[in-house]
């Protein structure tokens with residue numbers, strides 16, 4: 208009888224440990240929802256980044272050691288591997304806001320000042336003068 212109990216205990220332990228070991232192996236494997244390096248580059252380009260270099264996967268993030276955003280070199284950034292969004296992103300400078308507008312077809316872009324996170328600019332769209340604001344955190348354009 209003691210031998211049967213030991214075998215039953217060992218069998219029970221193996222049955223209970225199996226799912227836990229499988230779960231651990233699954234957690235160590237890359238999440239299939241994570242973006243590929245090419246997808247991260249696409250997201251970054253849409254957010255104004257160019258000359259993206261030094262892109263490497265580190266855990267649940269990508270690290271970018273070399274990039275330019277709207278004409279200015281940026282410090283190292285970390286990108287969420289699931290969303291492609293920068294974990295921390297410095298606000299746009301006035302020069303970057305000017306470059307953003309020029310890339311979108313505006314010309315004669317002049318800075319008018321700053322209101323908190325909004326950069327105020329004057330520009331021309333074709334022959335039409337316009338006053339615009341650029342959100343320094345998001346890069347969103349507000350008329």
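Residue numbers (my numbering): 208 to 350. The C-beta atom is built at its ideal place from N, Cα and C for all residues, glycine as well.
| query | result |
| --- | --- |
| For residue 385, the three-state DSSP class (helix, strand or coil) | Examination of residue 385 is not possible in this model, given that the chain is present from 208 through 350 alone. |
| Cβ pair residue 267, residue 289 closer than 9 Å | yes |
| Identity of the residue in 275, 287, 251 and 270 nearest residue 241 by Cα | 287 |
| Identified DSSP bridge partners for residue 268 | 265 and 287 |
| Beta-carbon gap between residue 340 and residue 331 smaller than 9 Å | no |
| Span of the beta strand (DSSP E), counted from its first residue to its last, around residue 332 | 325–332 |
| Per-residue DSSP class, three states only, for residue 348 | strand |
| For residue 365, three-class secondary structure by DSSP | This structure does not reach residue 365, given that the chain is present from 208 up to 350, and the question cannot be answered. |
| Alpha-carbon spacing of residue 343 relative to residue 278, whole angstroms | 15 Å |
| Status (buried if at least 16 other CB within 10 Å, exposed otherwise) for residue 333 | exposed |
| Limits of the alpha helix (DSSP H) - the one that residue 321 falls within | Residue 321 -> not in any alpha helix (DSSP H); beta strand (DSSP E) instead, spanning 314–322. |
| Nearest residue (CA-CA) to residue 310, options 319, 322, 276 and 338 | 276 |
| Close-in-space but distant-in-sequence residues of the same chain around residue 305 (CB under 6 Å, 5 per side omitted) | 316 |
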